[in-house]
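In what follows, a structure is listed as structure tokens, so that the remarks can point back to it.
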Amino acid sequence: MDNLTTEDAPKKEEEPFGLGCALDYFAEFEEVFEMIDNLKNLIQAEGSVQEKAYEKFSFILTQYIEQPHLLDSQLDSILQKFIQILRNNEEPIQLKHVAFSYMAVVVNVRGYKDIVKHLPHEVADFEPVLCLLESQDPRDTNTWTTRYILLLWLSIIIMIPFHLSRFDGFDETESNKKSVMDRVLNIIKTYAVVPDKCRDAAAFLSYKFINRNDVKEKHLSAFFDWVVEQSLASNSDVFVKYGTLACIAVIIKHGKREDILPHASKLLSWIINSEFKESSGTSVQKLVYKIIQRIGLTFLTPRVVSWRYQRGNRSLATNLNAAGDLSFNEATEQPEEYIHVPDEVEEVIDQLIHGLRCDDSCVRWSAAKGVGRVTARLPKELADEVVGSVLELLGPRENDAAWHGGCIALAELGRRGLLLPERLPQVVPLIVKGLVYDEPKGYSSVGSHIRDAACYVCWSFARAYEPQDLAPYVGDIASTLLIVTCFDREINCRRAASASFQENVGRQGTFPHGIDILTVADFYAVSVRNTSYLNISVFIAQFEEYTIPFIDHLVNRKVDHWDIAIRELTAKALHNLTSQAPRYMIDKILPVLLDKTASIDLNCRHGSVIAIGEVVYALSKITGRNDLQLAEPLLRSIKGLIPKFKESLYFRGLGGELMKQASSDLIEKCSLAKLSFHNDSVVEEWLQLLNDTLSYEVTNVRLAAVAALPILLNEFYASTDKLEINRTMIKNYASELLMEVKQSSRMGHALALGSLPKHILQPNLDFIVEALISSIAPTEATAKWAESRRDGVKALTLVISTMADEIGKSFNESHVKSVYDIFFAGLKDYTQDKRGDIGAWVREACVTGLQILTLTMAEKNPQFFTSELVNNILSNIAQQAMEKIDRTRALSGKVFFSFIYNNPRVPNIAYYDELSLIFPKEECSILNWNSERCTFPKFVQLIQFNPYTYNVLIGLICSIGSRTESLLKSSGSSLFIYLKEQEKLKGPAEIHRICETILSIFVHYQKQDRITVPLLRFLDKLFDSGCIASILEDKNSDFVKRILKLVQVEISGCKDIYKLIDGICVLCQFIQIPGEVCKTALVQVSILLCHCRPYVRRSTAAKLYESLLVAGDSCDIPSENLDEIMQVVSDTNWELPVVEIREIRNSLCQLMRVRVPTLVKKKA
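Residue numbers (UniProt numbering): 1 to 1164.
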């Protein structure tokens, strides 16, 4: 849709119903008309054709289910076409059933209440519709739409303004005939208890019928008695209960008060004392409370009570203009008139309050609305008692359901003006508690629905009260809403709080810094939890009204949160907020956090420890203030934490994992803060804890120790008197690294060695590099330890980054050569286990390592690079950029691109100018490297350059030979398009060079399934593509013979059925090549026709038939025998025993005039 300027855009009075910028009008109405007109022909068609037409009709209309109003312009025409079919008595009943099913689709999209208004309600339709409805079988599941539409149609016809007795057509003396009233009533009773959607239509019909003046005086009381009897029957199921209750609910809702009032007490007694109120499911319980509230409303005279709170301005502009001015006109309370309240109303209110405690939220919502509606008709004193009863639900002994029900009830009371300002001192503190309600329950918590409901209460307050009434509570409400906006775990609560705050800013105009905050903490910005915690909270905390409440909430509510992610975010948020109130952090927060470290709650200990580290580090970053130094008692407490944890055995058992991780984080932050513990024994305990944690099984715990280690060593072990300690530590790490007992230990110690600071690395560089290289080289015991090799490569990469300034000095060329060799070896790591290709982790680490080492060398020692080395680097990276895994491909593509445009330039890059054209800087800097459609067309062009041909083809073979459809399609099309272009540009010689490279790859990887299995599939696709037709037709080329020989060797003795099938597909490709190759291939295929596995025989025959069908005319098989051969291949049951199959196979060989295979006797 084209964008419109302000002048061009049409001005609309109101926004249309439905989704914006979706559909403009009912575009397919002509097609819909045509489909309806075609129904007469459709019923003669097959079932599948009818189903397809129905699905198409349903699909067209369902597009408008979010914008159903778009159908209105054509709705009468659509319904008229259906009605014409239904009114025609000559049409078969099957056609009418189909028409009803199509009408049900229209009803589903537009809604039955709107559709009924458009249905004809002529008197002439009454009897035919009633008769047709009576003739239906309520148990027929195939025609439920017929009954559903007829019930809806009858509900509008039944409103005709004539006494129904006029339609009887017989005298009152004829007692054996049923009156129209009785017939309709029987229809309602029949369909009110069925288990399909007709039940809803019957309820809709019931109130239209029962509330007629001529019907209610005769049947209303009896119908109520029937409902009570049916619902309480011992054999009544949930459908009966739901249907009967739905009828009562709509009759009471739409009936006249004076008609319902005589029956109200009886109905109330029935609904309260019934057993199904508690155990019949959500739908039934919801109807129960609807009926209760409507009975309550029946007892009370409809009126607008004079005591209710008069709302202020509805205009946002007026409120904003009055911001800060609280002198609004006081509403004058009118003298209250006497309201008679029957005793039954008290029971109604008790039941509704009980409904607020229900376990189902939709039932609680229904009860809350009922409380609001009933209270709106009560005298002031009784209404205040209702408010008091609701407030009792927000007590400490009530469960989460009661809290949620109480909150939404308060919101309903508030927005109706029934919660008077005198009650706000009791209400606001409870709502503030509800905004942060979060009760742990196992490994989660309950409370998000309560917080959401409390936000709804605050939203309703914004619309209900004038600013001067809410002014004393603005501080508490504003700060708590912003706390939920920034720090709630659930996205819906953060958004609800943001929307409520926005409503209060607009309606009240008294919330501090409201407009400034809303520009940052809007509905969409708070959707990202990290942004809310770490960015938005910092912006809001700059306003002093919110700083301390934010910090206190984090410490009191979030430090011990059950979710570890929230605890970690809390610590980071405290770090960011420390600069806003550093003195408060030192005097109040740190002592509280230190006390929490002694808690028996593991979550509390973990959260407080990482929070202490973040706060201490944040305080150390504040410069220029001498009053922010930590006092000696605080330092002693922080220093004693880890020894205390060790003494209390907190590092053992199930909680040890979290405590080790938190303690490692504390050590890191204390080291960064440069706390004065340099000559203290606690530093040795810290180092010992990190050393113990390096072997831990859990990755996050191990990585926390690795992250803390270099910072600790850099701060406390940099002096010359620590040299011997450092040397001993390195030897211990290397000893653990080279042990082949535990993979996690090798991983942790490898990263520890790689992360050592420069002052420790440099004196021990030879030893460390040698140890890391030894750990990366796989052995028989460590063949599956891909993760340890990955971390070893990462460690070497870290060493390179740390020693970058020493390249060419202490980090000499022998080191560089050794590292390059191990990186090249890592690129060939294709280890697999049950998780898949775990070697990809090693290859990705090697790609990153090659990038860092090469770019560092290009800057520090460019003369080291030879053409051979650079070609080797780029070709190996290009191979990884062509393989199967998207993540590996994307990383390799980015690294390859970085080599071309690095500054300083990497020397000796072959074909540099051509590579710059293939990979333009502007395009590739924004390229989606994860997309195979973007990367393959570029990298496939590297085949034309000799240094890259071999490696790029290996990558392509693995991708084209994969079973991933999208990857196969992108890689295959890229290669085959490229080959055809190259043949046009350079002729067959280039294709011959590429084929020879493929041949050499096959020879090199013979019997290595990782390459040969995809290679067989690749060859099948290559033959099919027609790209090498010139090679196949060249009689001087021996490429085909050599490939055939390699395929035969590859599948000989093969036990893998799927690999064998791939080989058969390639063998059948050779049939198209006349001469010796064709005969050899046919002999090999004929051998496989008698394979011991029936599946292989059947697959071989199918592939042979397909090949003969395509290439039979060009092969060496006599043309006169071709039809007979194909007939035998297709008619034979190849799953028969081999003994029977062998004779058929031999006859086929004779017809094809190839050598008949003979059995080779096994040597004794």
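For glycine and all other residues, C-beta sits at the position ideal for the given N, C-alpha and C.
Please go through the same chain and pick out, in chain order, the residues whose beta-carbon is closer than 7 angstroms to the beta-carbon of glutamine 1072, but skip the five residues on each side of it. Ala1111, Ser1114, Cys1115
Residues in its own chain within less than 7 angstroms of glutamate 787 by CB, not counting five upstream and five downstream? Counting only Cβ-Cβ distances below 7 angstroms, and skipping sequence neighbours, we find Gln743, Met747, Trp841.
When the Cα atoms are used, what is the spatial distance from alanine 323 to glutamate 422? Since pLDDT at alanine 323 reaches only 49, below the 50 mark, its modelled position is unreliable, and no value is offered.
Mapping DSSP to helix, strand and coil, what is isoleucine 1073? coil
On the DSSP letters alone, give me the boundaries of the beta strand (DSSP E) that serine 445 sits inside. 444-446
Taking just the CA atoms, how far does asparagine 211 sit from aspartate 168? 20 angstroms
Lysine 441, enclosing beta strand (DSSP E) - first and last residue: Counting along the chain, the beta strand (DSSP E) containing lysine 441 begins and ends at 439-441.
Which residues mark the beginning and the end of the alpha helix (DSSP H) in which tyrosine 25 is found? That residue, tyrosine 25, is in no alpha helix (DSSP H); it is neither H nor E in DSSP.
The alpha helix (DSSP H) enclosing arginine 652, as first and last residue numbers: No alpha helix (DSSP H) contains arginine 652, which DSSP labels as neither H nor E.
Sequence-distant residues of the same chain with beta carbon closer than 8 angstroms to alanine 858, five excluded per side: Leaving aside the five residues that flank alanine 858 on each side, the residues in its chain whose CB is nearer than 8 angstroms to its CB run, in chain order, Phe865, Asn902, Pro904, Arg905, Val906, Pro907.
Quick one: Cα of isoleucine 725 to Cα of valine 816, how far? 28 angstroms
Measure how close the beta-carbons of leucine 79 and histidine 118 come, nearest whole angstrom, since I'm counting them as under 8 angstroms. 5 angstroms
May I ask you to verify whether the segment 871-886 touches the segment 945-960, counting CB pairs closer than 8 angstroms and requiring at least 3? Contact between the segment 871-886 and the segment 945-960 is present, because at least three Cβ pairs lie under 8 angstroms.
Contact the segment 513-524 vs the segment 552-559: 3+ CB pairs below 8 angstroms: No: the two stretches stay apart, fewer than three of their Cβ pairs being nearer than 8 angstroms.
Within 10 Å of its beta-carbon, does arginine 889 have 16 or more other beta-carbons around it, so buried, or fewer, so exposed? With 16 or more Cβ atoms within 10 Å of its Cβ, arginine 889 is classed as buried.
Suppose you measure from the CA of leucine 1151 to the CA of leucine 1136; what does that come to, to the nearest Å? 21 angstroms
When the Cα atoms are used, what is the spatial distance from lysine 660 to isoleucine 642? 9 angstroms
Using the beta-carbon count (16 or more within 10 Å), is threonine 1080 buried or exposed? buried
Can the beta-carbon of glycine 514 be found closer than 9 angstroms to that of threonine 570? no
Taking Cβ positions, are leucine 150 and isoleucine 115 nearer each other than 9 angstroms? no
On the CB-based measure, 16 or more other CB atoms within 10 Å of its CB, does phenylalanine 1018 come out buried or exposed? buried
Give the single residue among Val799, Ser971, Leu420, Tyr289 whose Cα lies nearest to the Cα of glycine 370. Tyr289
Cβ atoms of leucine 1089 and leucine 1148: under 9 angstroms apart, would you say? yes
Pairs of beta-carbons, one from the segment 257-273 and one from the segment 373-381, closer than 8 angstroms: are there three or more? no
Tell me the rounded alpha-carbon separation between phenylalanine 328 and proline 467. Note that phenylalanine 328 has pLDDT 41, beneath the 50 cutoff, so the model's placement of it is unreliable and the number below is only indicative. Each residue's alpha carbon lies about 8 angstroms from the other.
Nearest-angstrom Cβ-Cβ length linking valine 1128 and isoleucine 1144, presumed shorter than 8 angstroms: That pair is a contact at about 7 angstroms.
Ignoring anything shorter than 3 residues or poking outside the segment 414-477, list the beta strand (DSSP E) runs there in chain order. 439-441, 444-446
Just list the alpha helix (DSSP H) runs in the segment 200-249, keeping only unbroken ones of 4 residues or longer that don't cross its boundaries, in chain order. 213-232
Does the pairing of the segment 453-464 with the segment 491-500 give three or more beta-carbon distances under 8 angstroms? yes
Which residue comes first and which comes last in the alpha helix (DSSP H) that contains serine 1107? 1094-1111
N-terminal and C-terminal residue of the alpha helix (DSSP H) that glutamine 879 is part of: 867-880
Between Pro262, Asn273, Leu1104, Val284, which has its C-alpha nearest cysteine 247's C-alpha? Taking only the C-alpha atoms, the option nearest cysteine 247 is Val284.
How about glycine 893 and threonine 854: do their beta carbons lie closer than 9 angstroms? no
Below 8 angstroms on the Cβ atoms is my contact criterion, and I expect glutamate 668 with alanine 707 to pass it. Report the Cβ-Cβ distance as a whole number of Å. Indeed, because the Cβ distance is near 6 angstroms, the residues count as touching under 8 angstroms.
Could you spell out the range, first to last residue, of the alpha helix (DSSP H) harbouring proline 120? Note, proline 120: premise wrong, no alpha helix (DSSP H); not H, not E.
Identify the residues that DSSP records as bridge partners of isoleucine 807: which are they? According to DSSP, which records beta bridges pairwise, isoleucine 807 is partnered with Phe811.
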